[in-house]
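In what follows, a single structure is set out as structure tokens and then discussed.
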Amino acid sequence: PDVRSKLEKAADEVSRALEKISKKESMFKTRQDGMSGDYKAQAVKMKENTEEFNRLTAHVQELESELYDIEEKLADIKKKMDDNQSKISDTSPLLKIKKECQKLKNEIRSIDIRIGVISNTLLQLKLKERHKDETNNKAIHNEDDEMDIEI
461 PDVRSKLEKA
471 ADEVSRALEK
481 ISKKESMFKT
491 RQDGMSGDYK
501 AQAVKMKENT
511 EEFNRLTAHV
521 QELESELYDI
531 EEKLADIKKK
541 MDDNQSKISD
551 TSPLLKIKKE
561 CQKLKNEIRS
571 IDIRIGVISN
581 TLLQLKLKER
591 HKDETNNKAI
601 HNEDDEMDIE
611 I
């Protein structure tokens, strides 16, 4: 009889322990489901940001190529101006060339500004993404710490 009561008592304790374990497992599964959903959403955002970054990078490269072409044209015009400067007695063509050079310089400045704005936008996107990743990592570590304490 004494052994039977001890066995029943042990069975009750095991049952209670199993119930606690089951509750903890369901709580963990709920948290994990929420975290996996967040992870998927963040992965989608990261993919979108990466695509946007790649698109903007390609645009910057196009602008840099355009800038290079304009600089080459400007150099050619300057060379032609220097070569023909001694031959020209009428100053009106020279004034037109100088005016066009000024236009090219203004276009170059405009392109430089656009490149700067795009570079700044890209940098901000990178910083936001890095901040999100750091925040997510901290949140995951904090939840892991809370779960360790509860168990």
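Quick note, our numbering runs 460 ahead of the 1-based positions in the sequence shown. Backbone N, C-alpha and C fix where the C-beta goes; we use that ideal spot for every residue, glycine too.
Beta-carbon contacts of residue i that lie in its chain and below 6 angstroms, excluding the five residues immediately before and after
i    : result
R515 : none
D472 : none
Cut-off 7 angstroms between Cβ atoms - residues of its own chain near residue i, not counting five sequence neighbours on either side
i    : result
E567 : I530
Beta-carbon proximity of residue i to residue j, cut-off 9 angstroms
i    : j    : result
E589 : M506 : yes
L621 : T517 : Nothing about residue 621 can be reported from this structure: the residues present for the chain run from 461 to 611 only.
N596 : D493 : no
Residue from the options with nearest C-alpha to residue i
i    : options                   : result
I413 : A518, H519, K565 and T510 : Residue coverage of the chain in this structure runs from 461 to 611, which leaves residue 413 outside it and unanswerable.
K540 : L527, L554 and I481       : L554
S570 : D543, M495, E524 and K598 : E524
Q562 : N580, Q584 and L534       : L534
V520 : L587, S579, T490 and T595 : S579
I573 : D543, Q492, K556 and L527 : L527
E522 : E532, F488 and I575       : I575
Whole-angstrom C-beta distance between residue j and residue i, which should lie under 8 angstroms
i    : j    : result
L585 : E512 : 7 angstroms
Q502 : K592 : 7 angstroms
Contacts around residue i, its chain only, beta-carbon distance under 8 angstroms, and the 5 residues preceding and following it disregarded
i    : result
V474 : none
K469 : none
K480 : none
Cβ of residue i within 9 angstroms of any chain D Cβ
i    : result
V463 : Looking at the structure shown, chain D is missing, and only one protein chain is on hand.
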